[in-house]
DNA sequence: AAACCATGTTAGATAACCTTACAAAATTAT
DNA sequence: ATAATTTTGTAAGGTTATCTAACATGGTTT
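Residue numbers (the working numbering), protein chains in the order written: chain Z, 771 to 874; chain V, 771 to 874.
See the structure below:
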């Protein structure tokens with residue numbers, strides 16, 4: 771996993787990076803738009819990816835889009851991504867079958 | 771600046787990532803091996819680069835090398851790096867002068 | 001032997017974060 | 001139009017995380 775996805779950033783830093791209030795950040799978690807991990811003591815830990823998502827959310831909120839709608843958009847986007855991923859792997863599999871290095 | 775160099779990680783997380791004690795991390799700062807930033811309230815903020823450096827330090831300490839010596843090695847390494855950088859830029863400059871795109 | 005290095009530990013203080021609850025304005029649904 | 005929901009702020013009280021300073025100690029260097 772790359773640095774971008776490591777959950778190492780506390781909420782105060784995320785506030786600084788995004789310009790959102792802690793209240794907003796916690797609320798967007800409640801609405802299942804982001805999924806921070808927790809420290810042993812219960813503090814939230816975010817990744818740079820989370821920060822990017824939050825900045826995206828901030829824009830959509832500014833445009834008057836509700837969290838409910840944002841969530842739908844995100845799920846659709848994720849579905850597209852994972853289908854692209856599946857296609858990519860299938861093509862790779864075909865290529866390997868035809869031209870790949872044999873191990874025997 | 772890339773994510774790797776952003777100072778966003780608190781000392782507790784650095785402890786987890788490196789396996790060093792907070793005492794050790796603070797001490798290595800005192801010995802000028804790392805240079806965390808500070809939050810408004812005075813908490814240290816580290817980057818992934820800092821974490822990498824600390825893991826390097828941990829290895830050298832295990833080998834019985836003293837902080838004093840580690841610092842010398844690091845300074846030498848940095849000097850080499852910046853000289854490489856200068857050479858690289860000079861060569862690029864020459865290339866641009868001979869073959870570069872003219873703007874007039 | 002004296003000085004220094006590296007680390008643990010303790011104490012007390014402050015910063016940072018947590019949850020819960022209430023409030024209120026704005027929007028959406030009935 | 002009224003009711004319900006959304007979004008955010010704020011406050012209270014509690015816990016976790018971090019800070020500095022100081023003392024202790026075993027190992028190493030001078």
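Where is the CB? At the ideal position from N, CA and C, for every residue including glycine.
- In summary, the residues of the stretch 803-822 of chain Z whose CB is separated from some CB of chain V by less than 8 Å are 809, 815, 818, in the order they occur in the chain.
- Among the residues of the stretch 780-806 of chain Z, those with a Cβ less than 8 Å away from any Cβ of chain V are 780, 782, 783, 787, in the order of the chain.
- Residue-level contact check: residue 776 of chain Z touches chain V, since one or more beta carbons of chain V fall below 9 Å from its beta carbon.
- DSSP, reduced to helix, strand and coil, places residue 815 of chain V within a strand of the structure shown.
- Put simply, the stretch 852-860 of chain V does not touch the stretch 818-836 of chain V. Fewer than three CB pairs are less than 8 Å apart.
- In this structure, DSSP gives residue 779 of chain Z an extended state, which the three-state scheme calls strand.
- Under the three-state reduction of DSSP, residue 808 of chain V is assigned to strand.
- DSSP places residue 848 of chain V within a helical segment (H, G or I) once states are collapsed to three.
- Around residue 837 of chain Z, the same chain offers 798, 801, 803 as residues with beta carbons nearer than 7 Å, after the five sequence neighbours per side are excluded.
- Residue range 792-800 is occupied by the alpha helix (DSSP H) that includes residue 797 of chain V.
- Cβ neighbours of residue 808 of chain V within its own chain (closer than 8 Å, five residues either side excluded): 814, 815.
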